[in-house]
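The sequence shown runs 4 to 136 under the working numbering. Using N, Cα and C, we set each Cβ at its ideal position, and we do this for glycine too. Before any comments, here is the structure.
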Amino acid sequence: MNCINYGGLLFTNPVPVAYALPPKDPGLYVIQVRNLSFGPMPFQPIAFGASDNLAAVRLELHPHFPRWKIHRLANLGLFASYFPLRYEAAAYREETQAELIAQYLDHGTEAIKRAQQAVALSQSGDEFEQRKH
Numbered sequence: 004m005n006c007i008n009y010g011g012l013l014f015t016n017p018v019p020v021a022y023a024l025p026p027k028d029p030g031l032y033v034i035q036v037r038n039l040s041f042g043p044m045p046f047q048p049i050a051f052g053a054s055d056n057l058a059a060v061r062l063e064l065h066p067h068f069p070r071w072k073i074h075r076l077a078n079l080g081l082f083a084s085y086f087p088l089r090y091e092a093a094a095y096r097e098e099t100q101a102e103l104i105a106q107y108l109d110h111g112t113e114a115i116k117r118a119q120q121a122v123a124l125s126q127s128g129d130e131f132e133q134r135k136h
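If you want it as structure tokens, here you go:
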């Protein structure tokens, strides 16, 4: 298999970040870790990015690289895949990146936000009950 599918987009086959050879095109990239619960290829996305020139993106110098390295599954390596978008506008790349993030990465963030809102509501309810007495 020469590609990996995220959101219906066929990214290049995952390779270790240190050996990645990105195309000199605008496009998207994904950072992944090995995770056997993902299939058909055992790679879990942990970050998506967009660039006007994928070859200019130095992933090991990226400001989020330290965060990627401490992911619980990063001890098996970090992997990169690319999706060139030669003819699409920057706005399309950014919109597609946002959609991929929402689809693959925000589910935990949304659950945390809902839990925080529930706690805040219960605390405000407790304050209301205390004021009644």
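> How about P87 and P26: are their beta carbons less than 8 angstroms apart?
Replying inline: As a first step, residue 87 is located in the sequence shown; it is residue number 84 there, counting from the start. As a first step, residue 26 is located in the sequence shown; it is residue number 23 there, counting from the start. Against a cut-off of 8 angstroms, the Cβ pair of P26 and P87 comes out as a contact.
> Is the Cβ-Cβ distance between N8 and N16 less than 8 angstroms?
Replying inline: Mapped onto the sequence shown, residue 8 falls at position 5. Mapped onto the sequence shown, residue 16 falls at position 13. Taking 8 angstroms as the Cβ cut-off, N8 and N16 do not qualify as a contacting pair.
>> Here's the rule: buried if 16 or more other CB atoms are within 10 angstroms of the residue's CB, otherwise exposed. What is S54?
In response: On the sequence shown, residue 54 is found 51 positions in, with the first residue counted as 1. S54 should be labelled buried.
> F82 bridges to which residues according to DSSP?
Replying inline: One-based indexing of the sequence shown puts residue 82 at position 79. Answer by DSSP bridge pairing, in chain order: P19 and Q35.
> Can you tell me whether A83 is buried or exposed, with buried defined as 16 or more other CB within 10 angstroms of its CB?
Replying inline: In the sequence shown, counting from the first residue as 1, residue 83 sits at position 80. Classification of A83: buried, given that the 10 Å Cβ count is 16 or more.
> What does I7 pair with, by DSSP beta-bridge criteria?
Replying inline: Sequence index remark: in the sequence shown, residue 7 carries index 4 (1-based). Paired residues: F14.
>> On a Cα-Cα basis, can you pick out the residue from M44, L81, L12 and K72 that is closest to A23?
In response: As a working mapping, residue 23 is identified with position 20 in the sequence shown. Measuring from the Cα of A23, the nearest candidate turns out to be L81.
> I think N38 touches L13, with their Cβ atoms under 8 angstroms apart; what is that distance to the nearest whole Å?
Replying inline: Residue numbering aside, residue 38 sits at position 35 when the sequence shown is read from its first letter. Residue numbering aside, residue 13 sits at position 10 when the sequence shown is read from its first letter. That pair is no contact at about 19 angstroms.
>> Mapping the DSSP letters down to three states, classify I104 as helix, strand or coil.
In response: What you label residue 104 is simply residue 101 of the sequence shown in a count that begins at 1. Helix at I104.
>> So for P48, helix, strand or coil by DSSP?
In response: As a working mapping, residue 48 is identified with position 45 in the sequence shown. P48: strand per DSSP, three-state reduction.
>> Run through the DSSP bridge pairs and tell me what S54 is partnered with.
In response: What you label residue 54 is simply residue 51 of the sequence shown in a count that begins at 1. S54 is bridged to G30.
> Assuming L62 and I104 make a contact with CB atoms under 8 angstroms, what is their CB distance in whole Å?
Replying inline: In the sequence shown, the residue the question calls residue 62 occupies position 59. In the sequence shown, the residue the question calls residue 104 occupies position 101. No, L62 and I104 are not in contact; Cβ-Cβ is about 17 angstroms, not under 8 angstroms.
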